[in-house]
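Accompanying notes for the structure given below.
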Amino acid sequence: MRSKSPHNQPHTITGKVTLAGFTLIELLVVISIIGLLIAILLPVLGAARESARSIACSSNLRQVAIAATTLAADQQHFPGAQENITDERGWTVSWFGAHTLGPPEFDVDGGYLGGYWGDAEVSGCPSTTNDTREQYGPVDYAYNVIYLGARFEQAFDGLRVGVKPGSVRNPVETVMFMDSARFNGGTVQRVPWGYPPGGWPTGFGFNDERPTFHARHGGRGTEGVNSQSGNAAWADGHVTAERPVYYSTYNGGSAGIEIFEQNGLGDIDPNDDDIRDIDLWDLE
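Number 291 marks the last residue of the sequence shown (this note's numbering); no jumps.
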């Protein structure tokens, strides 16, 4: 029998077979490559996830706007902001639902749009949390309360219903609903009322100088921190992404403009540096 060449024999050390493997340097190189790929892919995946959230929010907001325009067509007026009436339970009825403060409870189907929602939700934005404003319920969106939802003689007195559809002269450029929140008591809270640039007009009985447009899409994390844009639904039902405008005189307030910028709380405005310009909010 012919003997095997020694070159074909496995290497042995003290009689044990050894196999070739990775060196420490090779392992470190592989780990470094994996880490680099993760560093490259994570921002891309995060951006894709936030883009999906923004699209879901936009779709939901469009359904809310369609519900309001359908009600306006049926009843010949837009939803009332909040009428001084109660339902059979004694709860206050608003556009976004019915609510009571003792103890705080909320019924989304008890408001004016209850029969028009379809699959829409007032807590339908996946880019924000719903853990505050218990008395209002989990409201992620605000309504153009002054110019669309408040046809009355005196502010907050008497019966308030929405304006007639024909009163809105330019529906394509009239804000109806928007991503919303407000900075209150050191925290970002839900708010169902949308204020125009500069806050409430003095003729409405008081002036709340806190911006309520919440730019919570496109940034890091939730609650709008370092975000870039928010969604707005217009009176004709279409939805766009808008960047907030910050005014040092209005948005600054006692908290300082930096707080509002950090939390993405600003205004929807033509950005012509005139805080009195509310063309996108009124009925012109």
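For each residue, glycine too, the CB sits at the ideal point set by N, CA and C.
Predicted model, so just to flag it, every value in this text is computed and none were measured.
Where residue i falls, given that 16 or more other Cβ within 10 Å makes a residue buried
i: residue 174; result: exposed
i: residue 1; result: With the chain covering 8 to 291 only, the question about residue 1 has no answer from this structure.
i: residue 120; result: buried
i: residue 224; result: buried
i: residue 41; result: exposed
i: residue 33; result: exposed
i: residue 219; result: buried
i: residue 62; result: exposed
i: residue 59; result: exposed
i: residue 277; result: exposed
i: residue 176; result: exposed
i: residue 265; result: exposed
i: residue 115; result: buried
i: residue 231; result: Residue confidence is low: residue 231 scores 46 on pLDDT, short of 50, so the model does not pin down where it sits. Its coordinate-derived value is still stated next. Its Cβ being crowded by 16 or more others within 10 Å, residue 231 is buried.
i: residue 76; result: buried
i: residue 80; result: exposed
i: residue 285; result: buried
i: residue 109; result: exposed
i: residue 111; result: exposed
i: residue 273; result: buried
i: residue 36; result: exposed
i: residue 38; result: exposed
i: residue 271; result: buried
Limits of the unbroken alpha helix (DSSP H) element including residue i
i: residue 268; result: 264-269
Residue j beta carbon less than 8 Å from that of residue i
i: residue 290; j: residue 129; result: no
i: residue 147; j: residue 135; result: yes
i: residue 283; j: residue 193; result: no
i: residue 182; j: residue 287; result: yes
i: residue 113; j: residue 199; result: no
i: residue 186; j: residue 132; result: yes
i: residue 168; j: residue 106; result: no
i: residue 263; j: residue 251; result: no
i: residue 2; j: residue 74; result: What the structure shows of the chain is the stretch from 8 to 291, and residue 2 is not part of that stretch, so it cannot be assessed.
i: residue 201; j: residue 86; result: no
i: residue 65; j: residue 195; result: no
Element boundaries [beta strand (DSSP E), containing residue i]
i: residue 242; result: Element bounds for residue 242: n/a, residue is neither H nor E.
i: residue 248; result: 246-249
i: residue 99; result: 99-101
Residue closest to residue i, alpha-carbon to alpha-carbon, out of the options
i: residue 178; options: 41, 35, 247 and 242; result: 242
i: residue 240; options: 267, 217 and 275; result: 275
i: residue 203; options: 65, 196 and 221; result: 221
i: residue 154; options: 39, 114, 88 and 195; result: 88
i: residue 197; options: 235, 150, 236 and 110; result: 150
i: residue 249; options: 86, 217, 280 and 184; result: 184
i: residue 172; options: 92, 244 and 267; result: 244
i: residue 144; options: 99, 270 and 122; result: 99
Minimum Cβ-Cβ distance from residue i to chain B less than 8 Å
i: residue 191; result: The displayed structure is made up of one protein chain only, and chain B is not part of it.
Complete runs of the beta strand (DSSP E) confined to the region 109-193 [at least 3 residues]: Counting only runs of 3 or more, we get 111-114, 148-150, 182-186 and 189-191.
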